[in-house]
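Chains as they are written, first to last, in the numbering used here: chain A, 4 to 169; chain B, 206 to 491.
Note that CB positions come from ideal geometry on N, CA and C, so glycine has one too.
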Amino acid sequence: MAKTHVTMKVNGAEVEGLVEPRTLLVHFIRENLQMTGTHIGCETTHCGACTVDIDGMSVKSCTMFAVQAQGSDIITVEGMANADGTLSALQEGFRMMHGLQCGFCTPGMIVRAHRLLKENPLPSEPEIRMGISGNICRCTGYQNIVKAIQYASAKINGVEFQEAAE
Amino acid sequence: MIPGSFSYHRPASVTDAVKLLVDLGEDARPLAGGHSLVPMMKLRLATPTHLIDLHGIAALKGISRDGNLVIGAMTTQHELLASDEVAKSMPILHEAALLIADPQVRYRGTIGGNVANGDPGNDMPALMMALGASYRLEGASGARDVLAADFYQGAYFTALEPGEILTSVSVPVPAAGHGYAYEKLKRKVGDYATAAAAVVLTMAGGKVATCTIGLTNVHETPLLAADAAKAVIGTSLDAATLKKAAAAASAIMSPAADARGPVEYRKHVGGIMVTRALQRAASVAK
């Protein structure tokens with residue numbers, strides 16, 4: 004099958020590559036761009052490990068073809084740090100609140116939470132749980148992930164973070 | 206899991222998309238949000254040799270009001286959820302869209318894909334039947350409108366003819382003060398319904414004046430539960446009436462036995478969804 008030339012912006016940098024139409028976006032990101040933070044989990048659009056941010060939307064990159072991302076603006080977990088290289092509020096939250104176990108689901112969680120907080124900067128706990136319902140953690144559960152997002156929300160909004168009682 | 210090879214096409218107009226579909230024949234498939242088709246392609250349960258991506262067609266986007274609410278086929282669930290017009294005039298559509306899959310899928314999943322795929326598990330078709338919606342189908346010989354109630358012929362088998370694309374959904378706006386509810390039992394977020402029921406009704410003097418009931422995933426097609434709806438008209442939804450309506454709805458259900466449960470369980474749950482949806486719809490009616 005003839006390959007197609009694609010260009011897009013990933014984490015602020017213009018990138019390009021040759022892909023078959025059937026090349027999934029997640030494979031383009033991992034294999035062509037060598038950005039392996041975006042993970043492949045279930046491959047059937049359930050687990051959310053492959054979540055990236057495309058033109059202001061959270062998208063499961065295992066269910067979109069790279070050719071469809073032509074010209075789009077993508078943020079992956081590699082683009083989540085602050086411009087000076089320090090950890091963003093979300094990354095800091097995951098670290099401080101122990102929001103990761105094995106870490107496999109973490110990139111998708113962080114990228115999804117990034118968009119959630121853009122749309123709803125001060126989400127309630129139920130809103131956070133619904134907001135990350137497309138991301139599955141198979142290690143233990145979501146309590147610390149929810150706390151990590153609450154931490155980031157508080158920091159971004161300049162309000163005090165109060166850890167909820169267990 | 207990587208899909209088989211195909212050629213990718215991105216037409217800019219419905220006319221071009223229809224021409225491609227006609228010229229390329231039965232191995233060509235339109236691609237909307239892709240959240241049903243792409244997983245099927247990865248599992249090689251679908252092996253189209255040409256994909257006609259509808260994302261480049263601006264005319265298929267957007268929500269407008271011309272008496273009816275007209276929703277372009279490529280309007281996403283996320284856009285439905287963001288629409289003030291939908292929230293105001295058709296809150297049941299908002300309620301049902303929120304129960305489809307998860308946030309990431311709703312950013313990509315489209316109303317056109319949801320209703321055109323013919324998957325009995327999809328949430329919008331039964332709702333569209335209950336609302337009296339119609340679908341615009343455009344092909345080489347022009348456009349035609351088909352009622353949602355006449356569209357579904359079997360699992361994944363619809364009134365769409367080869368070479369036709371579903372371009373918009375037209376929904377009559379229910380009466381002001383109508384009651385509504387979409388009750389869906391699912392095993393987890395993101396799952397299809399074990400059984401679900403959509404109810405749209407109006408009340409007058411404490412009694413049900415009009416009522417339609419749609420059923421999701423309890424048959425190879427979405428269903429209109431006409432007898433169940435008839436059973437509640439003129440009543441105040443007392444316990445005996447609710448029981449009768451649930452029984453009438455269960456009587457037309459013929460779900461598959463699958464991981465969501467055996468047939469009897471799914472029919473039982475279907476009846477409960479009808480009961481709950483009727484009660485909640487009546488409680489929000491003004």
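Between the Cα of residue i and those of the options, spot the shortest distance and give me the residue it belongs to.
| i | options | result |
| --- | --- | --- |
| Ile418(B) | Glu425(B), Lys412(B), Ala431(B) | Ala431(B) |
| Gln165(A) | Cys142(A), Ser127(A), Ser136(A), Arg132(A) | Ser127(A) |
| His260(B) | Gly238(B), Gly272(B), His473(B) | Gly238(B) |
| Thr281(B) | Ala364(B), Val275(B), Gly267(B), Leu332(B) | Gly267(B) |
| Ala433(B) | Asp328(B), Leu250(B), Val479(B) | Val479(B) |
| Ala464(B) | Ala445(B), Ala453(B), Tyr361(B), Tyr397(B) | Tyr397(B) |
| Val447(B) | Leu483(B), Lys393(B), Leu265(B), Ile370(B) | It is Leu, not Val, that sits at residue 447(B) in the sequence shown. Minimum Cα distance to Leu447(B) is reached at Leu483(B). |
| Glu19(A) | Gly74(A), Tyr145(A), Phe107(A) | Gly74(A) |
| Ala486(B) | Ser441(B), Glu425(B), Val474(B) | Ser441(B) |
| Val13(A) | Lys6(A), Thr7(A), Asn35(A) | Asn35(A) |
| Thr220(B) | Ser346(B), Ala233(B), Glu284(B) | Ser346(B) |
Between the alpha carbons of residue i and residue j, how many angstroms are there, rounded?
| i | j | result |
| --- | --- | --- |
| Ile32(A) | Met67(A) | 12 Å |
| Ile457(B) | Val423(B) | 9 Å |
| Ser64(A) | Thr415(B) | 45 Å |
| Glu231(B) | His240(B) | 21 Å |
| Glu290(B) | Leu256(B) | 33 Å |
| Ile292(B) | Ala217(B) | Sequence check: residue 292(B) is Ala here, not Ile. Distance between the alpha carbons of Ala292(B) and Ala217(B): 30 Å. |
| Arg498(B) | Ile276(B) | With chain B running from 206 to 491 in the structure shown, residue 498(B) is simply not present. |
| Met38(A) | Glu81(A) | 7 Å |
| Pro24(A) | Val468(B) | 41 Å |
| Thr143(A) | Phe356(B) | 45 Å |
| Ile139(A) | His49(A) | 8 Å |
| Cys45(A) | Lys412(B) | 49 Å |
| Pro235(B) | Ile57(A) | 22 Å |
| Gln499(B) | Lys224(B) | Any question about residue 499(B) goes unanswered here, given that chain B covers just 206 to 491. |
| Thr421(B) | Asp258(B) | 28 Å |
| Pro253(B) | Met246(B) | 8 Å |
| Val227(B) | Ile262(B) | 17 Å |
| Gly344(B) | Val351(B) | 13 Å |
| Lys391(B) | His299(B) | 18 Å |
| Pro460(B) | Val378(B) | 30 Å |
| His91(A) | Gln104(A) | As written in the sequence, residue 91(A) is Ser, which differs from the His given in the question. Going from the Cα of Ser91(A) to the Cα of Gln104(A) covers about 19 Å. |
| Gly294(B) | Tyr361(B) | Note on identity: in this sequence residue 294(B) is Ser, with Gly being the wrong assignment. Distance between the alpha carbons of Ser294(B) and Tyr361(B) is about 30 Å. |
| Ala287(B) | Arg311(B) | 11 Å |
Ignore the nearest five residues each way along the sequence and tell me which others in residue i's own chain have a CB closer than 7 Å to its CB.
| i | result |
| --- | --- |
| Ala490(B) | Gly382, His383, Gly384, Leu406, Thr407, Met408 |
| Leu229(B) | His255 |
| Val29(A) | Thr41, Ile43, Cys53, Ser64, Cys65 |
| Glu130(A) | Asn123 |
| Asp87(A) | none |
Using 9 Å as the limit for Cβ to Cβ distance, is residue i near chain A?
| i | result |
| --- | --- |
| Ile260(B) | Reading off the sequence, residue 260(B) comes out as His, not Ile. With 9 Å as the cut-off, His260(B) counts as an interface residue toward chain A. |
| Ser212(B) | yes |
| Pro367(B) | no |
| Asp232(B) | no |
| Lys247(B) | yes |
| Gly382(B) | no |
| Leu265(B) | no |
| Leu256(B) | yes |
| Ile477(B) | no |
Ignore the nearest five residues each way along the sequence and tell me which others in residue i's own chain have a CB closer than 8 Å to its CB.
| i | result |
| --- | --- |
| Leu93(A) | Met83, Ile113, Ala116, His117, Leu120, Ala151, Ile152, Ala155 |
| Pro110(A) | Gly40, Thr41, His42, Ala52, Thr54, Thr79, Val80 |
| Ala278(B) | Ala237, Leu259, Leu265, Thr315, Ile316, Gly317, Gly318, Ala321, Ile370, Leu371, Thr372, Ser373, Val374 |
| Leu342(B) | Ala348, Arg349, Asp350, Val351, Ala364, Leu365, Glu366, Glu369, Ile370, Leu371, Thr372 |
| Asn160(A) | Pro124, Leu125 |
| Gly96(A) | Gly102, Lys150, Ala151, Ile152, Gln153, Tyr154, Ala155, Lys158 |
Under the DSSP definition of a beta bridge, which residues are partnered with residue i?
| i | result |
| --- | --- |
| Tyr154(A) | The partner list for Tyr154(A) (beta bridge, DSSP) is empty, contrary to what the question assumes. |
| Val62(A) | Val55(A) |
| Ile207(B) | For Ile207(B), which the question treats as bridged, DSSP gives no partner whatsoever. |
| Glu19(A) | Thr10(A) |
| Leu483(B) | Leu483(B) is not bridged to any residue. |
| Ile159(A) | Note: Ile159(A) sits in no beta bridge, so no partner. |
| Arg115(A) | DSSP output for Arg115(A) lists no bridge partner at all. |
Between residue i and chain B, is the shortest Cβ-Cβ distance under 9 Å, so that the two count as touching?
| i | result |
| --- | --- |
| Leu36(A) | no |
| His30(A) | yes |
| Ser136(A) | yes |
| His8(A) | no |
| Pro24(A) | yes |
| Arg115(A) | yes |
| Gly82(A) | no |
| Met99(A) | no |
Regarding residue i and the ligand GTP, is the C-beta to nearest heavy atom distance less than 8 Å?
| i | result |
| --- | --- |
| Gly337(B) | For the structure depicted, the ligand GTP is absent and the ligand set is empty, with no information on it obtainable. |
Going by beta carbon distance, what residues of the same chain come within less than 6 Å of residue i, once the five residues before and after it are set aside?
| i | result |
| --- | --- |
| Lys472(B) | Ser455, Met458 |
| Ala462(B) | Val468 |
| Lys449(B) | Ala436 |
| Ala301(B) | Asp328, Leu332, Tyr387 |
| Met206(B) | Lys247 |
| Arg215(B) | Asp258, Gly261 |
| Arg165(B) | Any question about residue 165(B) goes unanswered here, given that chain B covers just 206 to 491. |
Is residue i close to chain C, meaning its C-beta is less than 9 Å from at least one C-beta of that chain?
| i | result |
| --- | --- |
| Ser127(A) | Protein chains in the displayed structure are A and B, and chain C is not among them. |
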